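Each residue of the first sequence is one higher than the last, beginning at -9 in this note's numbering.
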Amino acid sequence: MALPTQPYKGARDFYPADKRAQKYMFNTMRSVVERYGYEEYDAPIIEPLELYLSKSSEEIVTEQTYSFEDRGGRKVTIRPEMTPTVSRMVAAKRQELAYPLRWYSIPNLWRYERPQRGRLREHWQLNVDIFGVEALTAEMEIIFVADAIMKAYGATPDMYAIRLNSRKLINAILHDYVSEDVDKVLPVIRLIDHKAKMPHDEFFAALSKLVDSEKAKELHELLSVQSFDDLPEKYGKHASVQELMELKKLLAVGGVTNIVDDLSLMRGFDYYTDIVFEVFDTNPENNRSMFGGGRYDGLVGLFGAESVASVGFGMGDVTLQDFLDVHSLLPASRSETDAYIALVDGLSPGVQKAASDLRKMSLNVAVDLSGRSIDKQIKTAVKKGINYVIFIGAKELADEQFTLKNLETGKEEKTDLKSIATILKDSRQQ
RNA sequence: GCGGACGUAGCUCAGCAGGUAGAGCGUCGGGUUGUGGUCCCGAAUGUCGUGGGUUCGAGCCCCAUCGUUCGCCCCA
């Protein structure tokens, strides 16, 4: 029986063309965050199971992650997210790090779930975090970075919206309208999280089941406000609303105005403590949350260290690629190979030297070794996405003039290796 | 974990009421001597996802299983 060639469920093979697209996405992320002074870090892909237990029960964690016992009987988990890891790393060196700390990484993450659109079992996620800044300027910078990445891909502000909310604000409201009891608040939070996905009537009906009828109506109106400006005075003066307003001002000064106030934005109900944000795709075909983040001041403190102010976001490659696809923002895939050498009279020491000379000039060249006819060799180069072919036969080797063909334009020119190198390097910049 | 849809050559799919498979694209070769993407000619390729059942006979019906996909749950 033949072995299956499919990759593992919910995971992907990256063929060279796929890997090129991924490299483009990651390189863009790297160049943007590094421009803001963020430094790359990394950590093991396996963590002790306990690292993820603070959020929920062991049962839930093991159900939704790749968890197992190692040969020494230790319970371990393949990391499903990076935030606990980075918090652990910061806690471990809490005293010696230079704050504000600006860190990023692009880890490969795994979760044990049923795959669906935009959500696989295996994915990569850019994590950008700033530690040690209690002021709103941390949120400001993090959102600037997220916005700058979107723009670096060629996205225009109309293609996405940045939704904003405050966990402190929503907690205050729920405290007033629902209960002080966490167990009663949780189902309401879950419901609010789904508000955008359901019709108003349905939402109200569901809300009425959880909250006293008079209060439900008021709460529903509150949650539906289009702008924090429209909140009743009682909440309008709340410190967190003032902060949200202030943040919006800061963002506007930086040119980020595609902000949407959204009291129903929850981002789960885990470690976020204050302002949260999410970037939404505005395209009707892909109208969904793409990525987001917020402030999570308490996490580092879980490791016994004094707590550290933390703001960050995570941007997954799967949803990002969907976004780029829908908006036609992925550039045409081009090979890393600068030129393909087509052999007219077969391989000879002269050909090898020519190739070697080009490589010494730091060009990437591949030599066709198929022994097939010239037209087949050209077709191979086209298929590989290589833009140039260099023809080498006895004639070329004799007078050291080589034919360089641009496959995109069809233009040919005959010249020496040095000039060829110059042309090839120039074409790289584009 | 739950529900729906789907699973036929490398890819996209067709296959009419059950009688042991086709198209387009791609691939490979050719259209004379060192050149692609157009055109023409020719060729190869499938245990019809897998296992079982019904039937004289199944790609087509039934069951199971695996996988893909959409949604739910959950969201890191």
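No residue lacks a Cβ here, since even glycine has one placed at the ideal position from N, Cα and C.
Bear in mind that the values here come from a model prediction, so they are computed numbers and not experimental data.
Is it buried or exposed, residue i, if we count other Cβ atoms within 10 angstroms and call 16 or more buried?
i     : result
M15   : buried
M188  : exposed
N277  : exposed
R64   : exposed
L(-7) : exposed
L359  : exposed
E204  : exposed
F193  : buried
A7    : exposed
H317  : buried
R10   : buried
A88   : exposed
E29   : exposed
I50   : exposed
T309  : buried
R285  : buried
Q342  : exposed
F303  : buried
R84   : buried
A128  : buried
K238  : buried
A299  : buried
Below 6 Å CB to CB, which residues in the same chain sit around residue i once its five sequence neighbours on both sides are set aside?
i    : result
V357 : I331, A345
Y26  : V135
L213 : L253, S254
F313 : D271, M280
D32  : S95
For the ligand SAH, is there any heavy atom lying closer than 6 Å to the beta carbon of residue i?
i   : result
T18 : Of the ligands one can find in the structure shown there are none, so the ligand SAH has no counterpart to examine.
Excluding the 5 residues flanking residue i on each side, which residues of the same chain have their C-beta closer than 7 Å to its C-beta?
i    : result
L209 : Y167, L197, V201
N155 : D252, L253, L255, V266
L414 : D328, A329, L353, Y378
V334 : I364, F381, I382, G383
G375 : S323, R324, S325
S44  : L292
W93  : Y28, E29, Y31, V76, D119
G340 : L387
H228 : L159, A162
D183 : M256
Rank the options by C-alpha distance to the C-alpha of residue i and give the top, closest one.
i     : options                 : result
S217  : E204, V231, K207, A206  : V231
V23   : F4, Y102, D137, K9      : D137
G283  : E48, P(-3), M130, G0    : M130
K(-1) : T247, F193, L110, Y89   : L110
S409  : K369, L348, D389, T146  : L348
G294  : V341, L(-7), V80        : V80
Y42   : R78, S21, A7            : R78
N117  : E49, V76, E40           : V76
I36   : D220, M149, E71         : E71
P177  : G258, Y143, R61         : G258
E124  : S297, D60, D315         : S297
D60   : L237, W93, P38, R180    : P38
V250  : L164, K224, V269, Q85   : V269
R69   : G62, E86, P34, V372     : P34
N273  : D315, T247, A299        : D315
E112  : A1, E48, K373           : A1
E211  : D191, R180, H228, A229  : D191
L162  : L407, D416, M19, G226   : Note that residue 162 corresponds to Ala in the displayed sequence, not to Leu. Closest by alpha carbon: G226.
K141  : G245, L164, V172, G108  : G245
K369  : G400, K385, N248, M351  : G400
M19   : I139, A299, P(-3), A371 : I139
Excluding the five sequence neighbours on either side, which residues of its own chain have a C-beta within less than 8 Å of the C-beta of residue i, listed in chain order?
i     : result
S422  : Any question about residue 422 goes unanswered here, given that the chain covers just -9 to 420.
W114  : Q12, F16, I96, P97, N98, L99, G306, D307
M(-9) : Model confidence at M(-9) stands at a pLDDT of 47, short of 50, so the residue's coordinates are unreliable and nothing is read from them.
E103  : G0, Q54, R109, R111
Just to check my reading of the structure: residue i and residue j have Cβ atoms closer than 8 Å, yes? What is that Cβ distance to the nearest angstrom?
i    : j    : result
T55  : T67  : 5 Å
G291 : Y261 : Actually they are not in contact, since the Cβ atoms of G291 and Y261 sit about 11 Å apart, beyond 8 Å.
L397 : E403 : The pair is not a contact, with the Cβ atoms about 13 Å apart (cut-off 8 Å).
D264 : K185 : About 21 Å separates the two Cβ atoms, so there is no contact after all.
T405 : Q391 : 6 Å
D148 : V301 : Between V301 and D148 the Cβ distance is about 26 Å, and since that is not below 8 Å, they are no contact.
G144 : L319 : 5 Å
L126 : L240 : 7 Å
F121 : L91  : 4 Å
I152 : I133 : 6 Å
Residue ranges of each beta strand (DSSP E) run of no fewer than 3 residues wholly in the stretch 6 to 94, ordered along the chain? 36 to 38, 56 to 59, 65 to 68
| alpha helix (DSSP H) runs contained entirely in the stretch 339 to 381, provided each spans 4 or more residues | Counting whole runs of 4 or more residues, the stretch 339 to 381 contains the alpha helix (DSSP H) stretches 339 to 350, 364 to 374.
- request: Write down every uninterrupted run of the beta strand (DSSP E) in the stretch 252 to 301 whose length is 3 residues or greater and which is fully enclosed by it, in chain order.
  value: Qualifying beta strand (DSSP E) stretches, in chain order: 265 to 271, 279 to 285.
Identify every run of the alpha helix (DSSP H) within the stretch 186 to 242, keeping only runs that are complete inside it and at least 4 residues long; order them along the chain.
List check, alpha helix (DSSP H) in window: 190 to 200, 203 to 213, 223 to 226.
Runs of alpha helix (DSSP H) wholly within the stretch 92 to 161 (minimum 4 residues, chain order) | As far as the stretch 92 to 161 is concerned, its whole alpha helix (DSSP H) runs of at least 4 residues are 127 to 142.
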